[in-house]
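Colleague: Please read through the structure below; I'll follow up with questions.
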Amino acid sequence: MAANKDNNLIGYDPLAWLGLETADAESADEQLQPEASANDLQTDEFGADSIDNFEELTEDITSIEMPVEDNEAEIKNNMSNADSVTTIDDAIDTENISLEEQGAPTEDELGDSETVTDDLMDAAHGAVADDPMDGGGRATHGAVAETEDVSIDVESIAIEENIDVSEENNDWVDAMTEQEISPMVDLGATLTIQHVGELHEKLKLCLAMHDQIEINASDVSAIDTAHLQLLVALKKDAANLQKQVSIIYPSPRFVESAQLLGLLDLLEVTP
Amino acid sequence: MKIVAVINQKGGVGKTTTTANLCHALAEAGNKVTVIDFDPQGQLAISLGVIAQDIGGIDDAMLEKKTALQQVIRVRNNLALLPAGPRLKDIEQLLANDRPKGLVLKTALGHYFADQDFVFIDCPPSSGFLIANALVVADQVLVPMTGDFLSLQGLSHLMATIKRFEKALKRKYKLAIVISRFSTTRRMARQVLNIVLTHFPQQVLATIIREASALAECPSFGQTILEYSPNSRPASDFRDLAQDFLKDRVMYGSK
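Chains as they are written, first to last, in our numbering: chain A, 1 to 271; chain B, 272 to 526.
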């Protein structure tokens, strides 16, 4: 039987994001109007728009309750607090942009590199799949889950921007206190996008629990850009939280991949 | 009157079984219950003994061909059924373009069921138009789930959906989780339950519905477990579950 040494039959908790959401919801609740109900919906607001799927419908509902101007204002407000942004997810998105802006190698430039297996677009997709709203189910999600991920993009930004992982009383942290979260994370040998979700969850917990994290990259024989972006995001989050993340014993392949993307400095890895 | 949506986007978690038996147990306890078969497969109706395939139901009410009240079938004492109807599976395409798509069910139900204690909606195992309509009218969400990992994953997706609706509608759903098809001998099931309790410590109804062959057998006879095997353990489970539901009895104390 495949089970880990603790006899845990569940590899990760898909509901871990709920604690984060709860913390955020508490502040969001203050803005809610408790008396509001479905009756408040303006029936013609659903309008004649062709609704092909659930996502479009929910977008319609969202737009009814939150005018575009307010939505934009909220996002801008959240973005203005970017310095206090502390989630890995946010930093991933930031890195998706910054990698391109910094002139990171294109797919063609990467050529036949065996170590960098996914192009930047794949990695960006991986970052979307890392949305905590989906609880970490990553590459195995069905079509519905994937479309939900895309459709909630704006909301997830608004939610995640407000999350403070350093808050000691977060439920999701409490939920994991019984489990031993080691400050040292061992990276596996082959780090492909299929597994980035698991690492993402592990790093989030680790970052919440420890001030110093060591990531052992000695076994890495292949790593894709999704993983590299995750590590960059982790470094940035840790810096914001005044925590320290060190990548120790990087394997030659790890160094090579980081070098290809110009991430050696960001990851503080020396060849 | 309270409207309860029985939802889990994952299939095979016991939505229809829970709906049929819980509703019957509530009705047996003296509550007036109407249950809407909102799954185009129409299996709730079959579970309650309504096997005719071509009778209209909530589909015609949503298409405004008939009122919802006209479509109601009294299936047990205190228990009424609004069948799915053959057009429910195509309802989105059949609706006029100028109708507000999110409020179709709400409009169809109107105030016809104000005299009922509970209206249950047995939702299909999917995301989409029907689920959205159910969530718009629902006061409470009842989530059956089994003791396996994929059910946990499904719950994660469902919670994301529910939270989006809560945000859009500026309201909070009362959430209750029913552990169904539970195998007490499986360690995995216990671990899943522990995780659910960690995240929903006051929202898991106290009675676990254990896996039982009788629950799989009774729909073919058009009977609920309370009729098929009234003195059996699963019948007792559902009677207890009905009391949990009525009295907010949850695991880890009362709400």
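Note that CB positions come from ideal geometry on N, CA and C, so glycine has one too.
1. According to DSSP, simplified to helix, strand and coil, what is Thr290(B)?
2. Distance check for Gln462(B) and Thr456(B), CA to CA, integer angstroms please.
3. Are the C-beta of His382(B) and some C-beta of chain A separated by less than 8 angstroms?
4. State the start and end residues of the unbroken beta strand (DSSP E) segment that holds Ser251(A).
5. Residues in the segment 425–439 of chain B with C-beta within 9 angstroms of chain A's C-beta atoms, listed in sequence order?
6. What is the rounded straight-line gap between the Cα of Phe400(B) and the Cα of Leu476(B)?
7. Is any beta-carbon of chain A found at less than 8 angstroms from that of Tyr499(B)?
8. Whole angstroms are fine: how far does the CA of Leu350(B) sit from the CA of Cys294(B)?
9. Below 8 angstroms on the Cβ atoms is my guess for Lys281(B) versus Asp393(B); work out the distance and round it to an integer in Å.
10. On a CA-only basis, which of Val375(B), Phe471(B), Arg510(B) is nearest Asp330(B)? Give me that one, please.
11. How far does the alpha helix (DSSP H) with Lys202(A) in it extend, from its first residue to its last?
12. Since Val412(B) is in the beta strand (DSSP E), which residue starts that stretch and which ends it?
13. Can you give me, in chain order, the residues of the segment 444–475 of chain B that have a beta carbon less than 8 angstroms from any beta carbon in chain A?
14. Return the bridge partner residues of Ala447(B) from the DSSP annotation.
15. For my contact list, Leu512(B) and Val449(B) are in at a C-beta cut-off of 8 angstroms; report their separation, rounded to the angstrom.
16. Looking at C-alpha atoms only, which residue of Val277(B), Glu299(B), Val306(B) is the closest neighbour of Gly328(B)?
17. Assuming Asn404(B) is part of the alpha helix (DSSP H), what are its boundary residues?
18. Spell out whether any CB of chain B is found under 8 angstroms from the CB atom of Leu15(A).
19. Which of the three DSSP states, helix, strand or coil, is assigned to Lys360(B)?
20. Taking the straight line between their C-alpha atoms, what separation do you get for Ala145(A) and His428(B)?
21. Any beta-carbon of chain A closer than 8 angstroms to the one on Leu423(B)?
22. Are the beta-carbon atoms belonging to Pro490(B) and Ser318(B) less than 8 angstroms from one another?
23. Kindly indicate the opening and closing residues of the beta strand (DSSP E) around Ala351(B).
24. For the segment 387–409 of chain B, enumerate the residues whose C-beta is nearer than 7 angstroms to any C-beta of chain A, in chain order.
25. For the candidate residues Ala316(B), Gly356(B), Gln411(B), Arg347(B), whose alpha-carbon lies nearest to that of Val275(B)?
26. So Leu199(A) contacts chain B; which residues on that side make the cut at Cβ distance below 8 angstroms?
27. In the DSSP assignment, find the alpha helix (DSSP H) that holds Glu488(B) and state where it starts and stops.
28. Compile a chain-ordered list of the residues in the segment 309–326 of chain B whose CB is closer than 9 angstroms to at least one CB of chain A.
29. What does a CB cutoff of less than 8 angstroms around Leu423(B) pick up in its chain, not counting 5 residues either side in sequence?
30. Roughly how many angstroms separate the alpha carbons of Gln342(B) and Pro371(B), rounded to a whole number?
31. Mind reading off the beta-carbon distance from Leu228(A) to Leu203(A)? Whole number of angstroms is fine, and I expect it under 8 angstroms.
32. Terminal residues of the continuous alpha helix (DSSP H) containing Phe420(B)?
33. Please list the partners that Leu205(A) has in chain B, where partner means a Cβ-to-Cβ separation under 8 angstroms.
34. With 8 angstroms as the threshold, decide whether the Cβ of Ile10(A) is near any Cβ in chain B.
35. Taking the Cβ atom as the reference point for each residue, do Val346(B) and Gly313(B) lie within a distance shorter than 8 angstroms?
36. Determine whether the Cβ of Phe509(B) lies closer than 8 angstroms to any Cβ atom of chain A.
Modeller: Taking the definition as stated:
1. Three-state result, Thr290(B): helix.
2. Taking the straight line joining both Cα atoms gives about 12 angstroms.
3. His382(B) does not count as touching chain A.
4. Annotation: Ser251(A) is outside any beta strand (DSSP E) and is labelled neither H nor E by DSSP.
5. Answer set for the segment 425–439 of chain B: Gly425, Leu426, Ser427, His428, Met430, Ala431, Thr432, Lys434, Arg435, Phe436, Glu437, Lys438, Ala439.
6. Roughly 28 angstroms between the two C-alpha positions.
7. So, not an interface residue.
8. When rounded, the distance between both Cα atoms is 7 angstroms.
9. In fact, because the Cβ distance is near 15 angstroms, the residues do not count as touching under 8 angstroms.
10. It is Val375(B) whose Cα lies nearest to the Cα of Asp330(B).
11. Run containing Lys202(A): 196–209, per the alpha helix (DSSP H) assignment.
12. Per DSSP, Val412(B) belongs to the beta strand (DSSP E) from 411–416.
13. For the segment 444–475 of chain B, which is checked against every Cβ of chain A, the residues closer than 8 angstroms are Arg458, Met459, Gln462, Val463, Ile466, Val467, Thr469, His470.
14. Per DSSP, Leu413(B).
15. Confirmed, about 7 angstroms.
16. With respect to the C-alpha of Gly328(B), the residue from Val277(B), Glu299(B), Val306(B) having the closest C-alpha is Val306(B).
17. For Asn404(B), the enclosing alpha helix (DSSP H) covers residues 400–408.
18. Contacts with chain B at 8 angstroms (Cβ-Cβ) include Leu15(A).
19. The answer is helix: DSSP assigns Lys360(B) an H, G or I state.
20. With a pLDDT of only 32 at Ala145(A), under the threshold of 50, the placement of this residue in the model should not be trusted, and no figure is reported.
21. So yes, Leu423(B) belongs to the interface.
22. Less than 8 angstroms separates the beta-carbon of Pro490(B) from that of Ser318(B).
23. Per DSSP, Ala351(B) belongs to the beta strand (DSSP E) from 350–353.
24. For the segment 387–409 of chain B, the set of residues with a beta-carbon nearer than 7 angstroms to any beta-carbon of chain A comprises Ser398, Gly399, Phe400, Ile402, Ala403, Val407, Val408, in chain order.
25. Minimum Cα distance to Val275(B) is reached at Gln411(B).
26. From the beta-carbon of Leu199(A), no residue of chain B is found nearer than 8 angstroms; the closest lies around 18 angstroms away.
27. Element bounds for Glu488(B): 484–488.
28. Cβ contacts with chain A: none found.
29. Closer than 8 angstroms at the Cβ level, and outside the excluded window around Leu423(B), lie Met416, Val463, Ile466, Val467.
30. In this structure, the straight-line span from the alpha carbon of Gln342(B) to that of Pro371(B) is close to 22 angstroms.
31. At roughly 13 angstroms, the Cβ-Cβ gap does not stay under 8 angstroms, so Leu228(A) and Leu203(A) are not in contact.
32. Residues 420–440.
33. Simply none; closest approach about 14 angstroms.
34. Chain B, which has a Cβ nearer than 8 angstroms to the Cβ of Ile10(A), makes this yes.
35. Going by C-beta atoms, Val346(B) is not nearer than 8 angstroms to Gly313(B).
36. Chain A contact via Cβ: absent.
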